[in-house]
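Take a look at the structure below.
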Amino acid sequence: DTAVSQTPKYLVTQMGNDKSIKCEQNLGHDTMYWYKQDSKKFLKIMFSYNNKELIINETVPNRFSPKSPDKAHLNLHINSLELGDSAVYFCASSVGAGELFFGEGSRLTVL
Amino acid sequence: AQSVAQPEDQVNVAEGNPLTVKCTYSVSGNPYLFWYVQYPNRGLQFLLKYITGDNLVKGSYGFEAEFNKSQTSFHLKKPSALVSDSALYFCAVPQGGYNFNKFYFGSGTKLNVKP
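Respectively, the protein sequence lines represent chains E and X. Residue numbers are given in this note's numbering: position 6 of the first sequence equals residue 6, and the series is strictly consecutive. Counting from 1 along the second sequence, just add 1000 to a position and that's the residue number in this note's numbering.
Structure (C-alpha cells):
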C-alpha cells in the first residue's frame, strides 16, 4: 500500500484556470505538508497542517488554499493559475521529530 | 535562520569507487540534520538523520554520514558506489533547529555514477 498518495500525477492547464491536487496518507501521521519543487529542483515548504489545523503558511499567495478534512487528507486548490505556478507539488507527512514521507509528486504545467 | 548548503551541483564517480556528497550547515545550538534522495520522477526518500550521539550515522542503501561540529559539515558517504545510486541528494535541517514542521532543504546535488 502506498504510504502517501497524491492525485493527479500530472496536470496540464491554461492560465487563469483553477485546479486541485489531493493527498492521502495511511501512516497515521499527525502532520501533513505541501512542498513546491521548482524547475531548478529547489524545494520549499508551502503549508503544514497538524491534526487538521494550519500551522505553517509560508507566505504563499492566497490563490493557494489548502484544506484538511481530516488528519489523513490534505488537499491543495489553486485559483487563477499563473505561468509561475508550474512546478512539482509534493505532499508529505511526518510524526513528531521524525523524517518526512513524501508522495510521488504532482507535476503542474500552466500554459 | 537555520540553513544548509550543498556546494556541489553535481558529483561524478565511477562505480565501485567511494562517493561523498557535501553538506555544510548553519544552525544555532545542536543541529538536527537529514539526508534525502530523489530518484527521477519520484518523491524524496529519507536516507538518514543525525539527532545526537555518534558522529557517524548509518542509513539506508549502505549510505552513512559524518557529523563534524568543528567544520559544521554533514557529508554523505558510501564506500562503493552503484550505478543505481545515481539520483538527486538533498541535505535538510528543521527550521529553528527544532521546528520539525518546517524543513529547509539544500539546493540538491546530482550524483552520477558511471559504470
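Ideal Cβ placement from N, Cα and C applies to all residues, glycine included. Note that the structure is a prediction, hence the values are computed from the model and not measured.
By the rule that beta-carbons nearer than 7 Å mark a contact, Glu-99 of chain E touches chain X. In this structure, the straight-line span from the alpha carbon of Tyr-89 of chain E to that of Val-1093 of chain X is close to 20 Å. For Ser-1028 of chain X, the closest of X:Lys-1069, X:Lys-1077, X:Lys-1078 and X:Gln-1002 by C-alpha to C-alpha distance is X:Gln-1002. Bounds of the beta strand (DSSP E) holding His-73 of chain E are 73-78. Between Leu-43 of chain E and Tyr-35 of chain E, the beta carbon gap of about 5 Å places them in contact (Cβ cut-off 8 Å). Taking a beta-carbon distance threshold of 7 Å, Asn-1012 of chain X does not count as an interface residue toward chain E. Looking at X:Ser-1086, X:Gly-1059 and X:Pro-1031, the one whose alpha-carbon comes closest to that of Thr-1072 of chain X is X:Pro-1031. Exclusion of the five residues before and after Thr-1024 of chain X leaves Ala-1005, Thr-1072 and Ser-1073 as the residues of its chain whose Cβ lies within less than 6 Å of its Cβ. Taking CB atoms only, Phe-1067 of chain X has no neighbour in chain E less than 7 Å away. By a beta-carbon distance limit of 8 Å, Ser-80 of chain E does not contact Met-32 of chain E. Their separation comes to about 24 Å. Counting every other CB atom within 10 Å of its CB across the protein chains shown gives Pro-61 of chain E a total below 16, marking it as exposed.
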